[in-house]
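Participant: Numbering (the working numbering), first residue to last: 108 to 324.
Even glycine gets a Cβ: it sits at the ideal position worked out from N, Cα and C.
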DNA sequence: GCGACAG
DNA sequence: ATCTTGTCGC
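1. Could you please give the first and the last residue of the uninterrupted beta strand (DSSP E) stretch that includes residue 192?
2. According to DSSP, is residue 116 part of a helix, a strand, or is it coil?
3. Need the endpoints of the alpha helix (DSSP H) that residue 296 sits in, please.
4. How many angstroms separate the CA atom of residue 214 from the CA atom of residue 241?
5. When you compare each of 216, 235 and 172 to residue 246 by their alpha carbons, which one comes out closest?
6. How many Å lie between residue 205 and residue 145 at the Cα?
7. Taking the alpha-carbon positions, what's the residue 227 to residue 244 distance?
8. With burial defined as no fewer than 16 other Cβ atoms inside 10 Å of the residue's Cβ, what is the status of residue 271: buried or exposed?
9. Pull up the DSSP beta-bridge partners for residue 121, would you.
10. Would the stretch 128-146 and the stretch 287-295 be scored as touching if the rule is three or more Cβ pairs under 8 Å?
11. According to DSSP, is residue 230 helix, strand or coil?
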């Protein structure tokens, strides 16, 4: 018998490279943009349970419109570089729990700023066809210079010769977030939209509310 | 071989 | 991410 378990991440990596070719890095968002969703997952019960949340807000007002939560048994451990295989199934169910399809989805995690260019935001985008943006709280890969301390300041996140994201200061003096293309959005537009969704806190409002709903404190 | 490593 | 209390600072 082949050591299937040992080559699982190899299979996943191949799948990631295939799906990464389907990512669209051009702006193809509904015009005008009327709604923005935020998604996130938490792992209560010592990680045995996966709880995913999706919230829908109006844009640009960012008023809460609707929310959905789903819970299921956790299927996989967290493996750096393969986060989406663990979280995507539950997150998709949470999104399906919304009565309306969002014009844009903000994801907690990377988009193209991933070793094989398929972070969870890209994976979700390609799998659903929705426009998505990745907003990570920390770096997975790439190098960068610290952006100036003022809100709106940013520096390119670089891997080799490629710009894979923007390190963006969403508030004066706080740690920057890592913005990258998910699907059907350009990096420039992604940065503008993340700022438009972040009126007060470090994290964009859709993601903050999804965090809270999922139970992350 | 060594260091890094989204959530 | 999870487990976990109080504590420092605007």
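Facilitator: Quick look at the numbers:
1. Per DSSP, residue 192 belongs to no beta strand (DSSP E); it is in the alpha helix (DSSP H), 190-203.
2. Secondary structure of residue 116 (DSSP, three-state): helix.
3. Its alpha helix (DSSP H) spans residues 294-303.
4. Rounded to whole angstroms, residue 214 to residue 241 spans 5 Å at the Cα level.
5. The shortest Cα separation from residue 246 among 216, 235 and 172 belongs to 216.
6. A direct Cα-to-Cα measurement between residue 205 and residue 145 gives close to 12 Å.
7. In this structure, the straight-line span from the alpha carbon of residue 227 to that of residue 244 is close to 13 Å.
8. Counting the other Cβ atoms within 10 Å of the Cβ of residue 271 gives 16 or more, which makes it buried.
9. According to DSSP, which records beta bridges pairwise, residue 121 is partnered with nothing at all.
10. Touching, yes.
11. Residue 230 falls in the helix class under three-state DSSP.
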